Amino acid sequence: MLAISKPLNAGQAQTYHKMDYTSPTQSYYAQGDVVKGEWQGKLAESMGLSGEVSAQEFSRLTEGRHPLTDEQMVRHRIATEYTNPDGSVTKAVAHRAGWDAMFAPAKSVSLTALVGGDDRIREAHRAAVVTALDELEKYTHARIGGNNPADPSGRFVVAKFEHDTARPVDGYAAPQLHTHAVIFNVTQRADGTTRALQEQPFFESQNFVTAVYQSELMYRLRSLGYEIEAGKSGAPEIKGYSEEYLKASSLRRGKIEEEMERRGVSGPEAAEIAARSTREKKHTLTPAEVLAAHREVAAEFGNQPETVVAEARERSRANGHNPDQAGHAREAVSYARASLFEREAVLDERLLLRDALRRGMGETTYQQVRTEFENRRAAGAFLSVEARKHDSGRSFTTAETIAAERENLAQVQNGKNSVEPMMSAELAQRQANFRDFLNDSQRRVIEEILNSPDKIHGLQGRAGSGKTTVLLRVREGAEKSGYVVEGFAPTSRAAAQLREAGIQASTLQSFLARSSPGNEDPDVRRLYMVDESSLSSTRQMRDFLNKITSNDRVLLIGDTRQHQGVDAGRPFQQMQEAGMRTSELDRIMRQKDAGLLKAVEHLSRNETLEGIALLQQQGRITELTDRRDRIAAIARDYAERPDGTIVVSPDNRSRQEINEAIRATLADKGVIARENHSLQVLSHRSDMTGADRTWAARYNVGDVLEYSSGSKSNGIERGSQATVRAVDAPTNTLTVELANGEIIAYDPKRLRGVNVFQVQARDFAFGDRLQFTAPQKEQGIANRDLGTIQRLEVGRMTVRMDGKESRSVELDLLKVRQFDHGYAVTSHSSQGLTSTRVLAHFDTDGPRLLINSRLAYVAISRASEDAHVYTNDAITLGRRLAVDVSKTAAVEPNSRHDSAGQERTKDRPDAKSQRADSATNREVKVHEFADSEHRLASVALAYAEQRDRAVVVASNPEERRELTALIRSELVERGWLGRDSQSIPVAVERDIGNRRLAANYLPGDQIEYKSGSPKEHGIAHGSTVTVVTVDRQANLLTVSTTDGTETNLNPALLRKATDESRVYRVEARDIAEGERIRFTANDRERHIRAGDFATVQAIGTDSTLFVRHDNGTHQPVRTDDALAIDHGYVDSRVPGRPLDRLFITGESEKINQQQYNHLSSQVRELEMYVSPGSKLERIAPAQELHVPTNVEVMREGFGLGR
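Position in the sequence shown (from 1) plus 43 gives the number in the working numbering.
Encoded structure:
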């Protein structure tokens, strides 16, 4: 495999070169005084480097200098430290000399080459390393700096050092063939200039290059007569070695694993740290001593290397190895295409080649697979997709994927304004207002759905926004209008939740399996509701929409910010982007705690950094670097309040560890019985795709197979189970034992409808919490339902199910085996759950694809009253979670494509003159101005023309103030705003940066403390103080409490109180009748939320404001309450509510990309006002856009007219 180190500085690299890379103690079999390095790489060749590596050449390159001329190629920087004004220390990173890329085969290969004495294997290893490095070099990129994408250069310089022994453990240096390839931090661009490397493409290529290395090595080994098999870790091994011998020859690996266990850490970075910390001092061993030790260990296990080498030589003489390389390459590429495109719509070529190489391991070469891939690409089997800004490799899709996505988008377009609304506007409004407890967001959504003229309508609902209540009212309205309502969902739990709304519901898969849609009567009209549409795949959605009839209507329900499905595509989001009329439930009601609610609102808008920062300020994040300590703390926290608590962790490994820790803690407390029953439960192997299930090598002995279709020719009954007893990879044959004891063998390519499960041992006891991992129709149990064990005996179990209706179910444990402990659940399986309290486990060193913004949003939003996060690193947590991991799509709405079957076009209009908003299919107007003065004046005029439900978004605070003044002036002139105004004091929150630094405060600032300092400073919890004076030198504030008492405090010493505080500045605002205002703080007593809008209808003599909220309610706002309001014309970001018009304006770099990533689908019109140099690319949503023809561009103030 290939392992790439963290960057080395010059000193480290030079020390490694002297003490490790060239040391004879690293290569006892070489029988030389020093290990001689070797150069490789196109840049090395152009520099005149070849043959052996000299110490001087190596040293110069580590410092960014030319190895021969000593010319400085890359600036060499020495690490320095400096102290900041607040006392913190910043360390400037030293020059990166390069990276150590180490290639190492499986242990069996090392034993065969070294202990078995087959030098041909060393030659095969060297050849495989050369090929792998040649491929890695193609992904070399030059670092350009800033936010600019790296420049592909395809040239590097590498020094290789081959070793044959591992570092000693207890005086024993195990045989380990490996090569260190030091990649120096310099490359040369096409124009001849030299730059530092961008290392990220190397890490992105790591798995692909590992597959290249292993494929080349294994093919050569097969040619030498060796048999290969998949090892325990998945890496290919030479067949013929016992597990005990391999373990005895891997003492170093065992030492590292012990150290990781002791530290309670995991992951590749942790393994690297553990490896460094367990290095022993050099032992002075002679080659004779090392070789003798290796022979002694081999003799203990029957001299297996000697036997393996002899059998390989005999096998090579007898049969040779002449596989059909081209045929195996075709099969391998076909497998990779089918397997990977089942899960993703767009794929990096490295993933496709990686999986093809794994499939053809030992039977074909990398070059043969690459040739087959390129031939398929030329024939149209793989279609190029335009690369994103920072992509380091080519991406591809398929014609079938494009066709499926286009069918879905065409269904949306063809269904627009194609049907009569289910209710008139008046009746829809009456239905929406029938229940007093509905909020304005719910009423609006009910109206829009029932009065929609579209065949397909969307409902985008945030987590906990009251969706079930809305669907109940929609169902009632539809049935009043003569519609039959039926619901579907990709999961059985979501279908069960639809049934709670009185909707007949089943899974989407069951509907697709019907021989007919069930609506053959032409007079019957149906409304199909599809919940959790975000979990649907593109093909599922296409098949569903193709199956319904002309009388049917569809309501697609989901949340584009929550988890997406396993299979390829994101149809719900894609259809919204294509202009599907979508109603939005944007008012979250689940969270009862105001602070938690605000954090969830940030997370729901993909403002992950802000959401996590709020949780930190609220004291809801605990940092414990040791994994064992962290899991133990979670277990103790759970055990303190188990009722209504769930733990959410991203992956199954951590989930199982937490479940075990909680069970042990609860057993100690007597909550669950100490007497355990060991059960063999089944865990679905979700890692296997449809293509995997046709490949025998992907099965493990002991796997349980469930046949949904059966096979008459093999005597397999439908719905029966079997256990895998043997796997023959060369002939692609599975041997299984049926339930009746019969043993049969078959080629898995010939069977369909097979589900694969892994058997796992679990201990259960009375009182244990369960989560079901598959639906049990007879008992009415949905997948991921939770329950508690009430009775447990041999073969039977009684479980009390969670839910509004308390019920118990009896389970036959011979038939029902798909369940697991239910204390901790994964984030994916928690979606759809609501719990009083959530304990979230976020390990920043966890699987990179699982630690993302969707995890944060789904996990935290499950809680109604409290949520607490346990992490290993609170400082980097926000940044790690702010990563967006989304399903890919081949077709971007509003993009220009060639006809189906052709590659996507690379041509794109000039971004400076045209741009489209992908959130809807609306017409977009882009206004360009010569200067900001004309731009701001035009925005004010445009706003005044249609002021209702319109908002201006400007990132520059000065422009926001100026725009507010201009808009108010225009409204006064038009008579929309009263000329007489009252000066009202309002509190404007200040972002002062580091709140522990006194110098950041100003006299007059108001500090609102959540937790004060009542004893030492007389500041009560929940009170507000006013800053009187600031002493920067002493870092002291003199503040005045509400009763006028002055006290001195150091904000850095208050710590928690300071971190949880908020700083405001009181400013005067002129408020007149007709004024649009925005509330800036939550007020639970008055049912006001920060961000709500209202209009001032009258002003009392005591300055009380009588306002009408946008939801239709009226309310007085007293002067004291007015501190939490501001003018409501211009905001810094897009409000999370429906708008008739949205004006976006900005200048140059002040336009911020992130603000516009989540434009509501209810924005009817979008206009952009920009000045020269404004970067329209930054205004667009996060994904690259193709510009449609309906963008109207106007250039104003350039002397050109319009």
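Just so you know, even glycine gets a beta-carbon here, dropped at the ideal spot from N, CA and C.
Note that the structure is a prediction, hence the values are computed from the model and not measured.
Query	Result
DSSP on phenylalanine 425, reduced to helix/strand/coil?	coil
Can you tell me whether glutamate 1005 is buried or exposed, with buried defined as 16 or more other CB within 10 angstroms of its CB?	buried
Secondary structure at tyrosine 526, three-state DSSP: helix, strand or coil?	strand
I'd like to know whether the C-beta atoms of histidine 223 and aspartate 143 end up nearer to each other than 9 Å.	yes
DSSP three-state label for aspartate 177, please.	helix
For the beta strand (DSSP E) containing glycine 141, name the first residue and the last one.	139–146
Helix, strand or coil for histidine 222, going by three-state DSSP, please let me know.	A small correction: the amino acid at residue 222 is threonine; histidine does not occupy that position in the sequence shown. Reduced to three states, the DSSP call for threonine 222 is strand.
Going by the beta-carbon positions, is the gap between leucine 541 and methionine 572 smaller than 9 Å?	yes
Given a cut-off of 9 Å, decide if arginine 386 and threonine 732 are closer than it, judged by their beta-carbon atoms.	yes
Measure how close the beta-carbons of valine 172 and alanine 87 come, nearest whole angstrom, since I'm counting them as under 8 Å.	Actually they do not touch by this definition, with Cβ atoms about 15 Å apart.
Would you report the Cα separation of leucine 709 and phenylalanine 809, rounded to the nearest angstrom?	11 Å
Looking only at its chain, what residues have a beta carbon closer than 7 Å to the beta carbon of proline 110, apart from the 5 residues adjacent to it on each side?	Met90, Leu92, Glu100, Arg103 and Leu104
Helix, strand or coil for histidine 60? Go by DSSP, reduced to three states.	helix
Where leucine 51 and aspartate 434 are concerned, what is the direct C-alpha to C-alpha distance, given to the nearest angstrom?	25 Å
Would you check if the stretch 435–450 and the stretch 466–473 touch, i.e. whether three or more CB-CB distances between them fall below 8 Å?	no
So what does DSSP say about glycine 1049, is it helix, strand or coil?	The question names glycine, yet the displayed sequence has glutamine at residue 1049. Correct three-state label for glutamine 1049: strand.
What residue from Asp771, Glu242, Ile631 and Arg648 has the CA that sits closest to arginine 1176's CA?	Arg648
Tell me which residues share the same chain as leucine 829 and place their Cβ nearer than 6 Å to its Cβ, disregarding the 5 neighbours each side in the sequence.	Gln814, Asp845 and Gly865
From Tyr262, Asp686, Glu339 and Glu270, pick the residue whose C-alpha is nearest to that of proline 218; which is it?	Glu339
Taking Cβ positions, are glutamate 1210 and valine 969 nearer each other than 9 Å?	yes
Throw me the rounded Cβ distance for the isoleucine 271 and arginine 263 pair, which I believe falls under 8 Å.	11 Å between Cβ atoms; not a contact.
Work out the CA separation of leucine 493 and asparagine 594 for me, nearest whole Å.	16 Å
What are the boundary residues of the alpha helix (DSSP H) that includes isoleucine 674?	670–683
Glycine 507 to threonine 737, Cα distance in whole Å?	41 Å
Could you give the distance in angstroms between the alpha-carbon of alanine 1008 and the alpha-carbon of leucine 646?	32 Å
Starting from threonine 105, follow the alpha helix (DSSP H) in both directions and report where the run begins and ends.	98–105
Which residues in the same chain have their Cβ closer than 7 Å to the Cβ of valine 928, if we skip the five residues on either side of it in sequence?	Leu892, Asn895 and Arg897
Look up arginine 1184 in the DSSP assignment and say whether it is helix, strand or coil.	strand
Please report the straight-line C-alpha distance between glutamine 57 and isoleucine 715, rounded to a whole angstrom.	59 Å
Residues in the same chain with beta-carbon distance under 6 Å from isoleucine 1050, minus the five sequence neighbours each way, listed in chain order, please.	Val1068, Ser1104 and Val1106
Three-state secondary structure (DSSP) at leucine 111?	coil
From what residue to what residue does the alpha helix (DSSP H) around serine 981 run?	975–988
Counting C-beta neighbours from all protein chains within 10 Å, is the total for glutamate 529 16 or more, i.e. buried, or is it exposed?	buried
On the CB-based measure, 16 or more other CB atoms within 10 Å of its CB, does histidine 1157 come out buried or exposed?	exposed
Find out if the Cβ-Cβ distance for the pair serine 873, isoleucine 631 is shorter than 9 Å.	no
Measuring only the C-alpha atoms, how far is serine 48 from serine 248?	14 Å
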